[in-house]
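Novice:
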Amino acid sequence: MGNVINLNRFRKRTEREASAKQADANRTKFGRTKAKRSAEEKQADQAKAHLDQHRIDHEEQP
8 MGNVINLNRF RKRTEREASA KQADANRTKF GRTKAKRSAE EKQADQAKAH
58 LDQHRIDHEE QP
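Numbering follows our numbering, with no gaps: position 17 of the sequence shown is 24.
(1) Can you give the Cα-Cα distance for Q29 and E48, rounded to whole angstroms?
(2) DSSP three-state label for H65, please.
(3) Using three-state DSSP, classify R23 as helix, strand or coil.
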């Protein structure tokens, strides 16, 4: 006779493994600290301001 396996344990174990895999993916996707987010936002604002300062506007001359 073969081994008896508890299907509930098997199902729950696979769900836990899938949940752990999803949590790991979310940690890498959203795992930035508030300081890092604000630093990246500040850097993006500075880069945008730098580009805006070097913009050449062609205005119509009378």
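Even for Gly, the Cβ is constructed at its ideal location relative to N, Cα and C.
This structure is a prediction, so every number in the text was calculated from the model and none was measured.
Specialist: On the basis of the data shown:
(1) Translated into the one-based positions of the sequence shown, residue 29 becomes position 22. Translated into the one-based positions of the sequence shown, residue 48 becomes position 41. Roughly 27 Å separates the two Cα atoms.
(2) The sequence position of residue 65 within the sequence shown is 58, counting from 1. Correct three-state label for H65: coil.
(3) Here the question's residue 23 lines up with position 16 in the sequence shown. If DSSP states are grouped into helix, strand and coil, R23 belongs with the helices.
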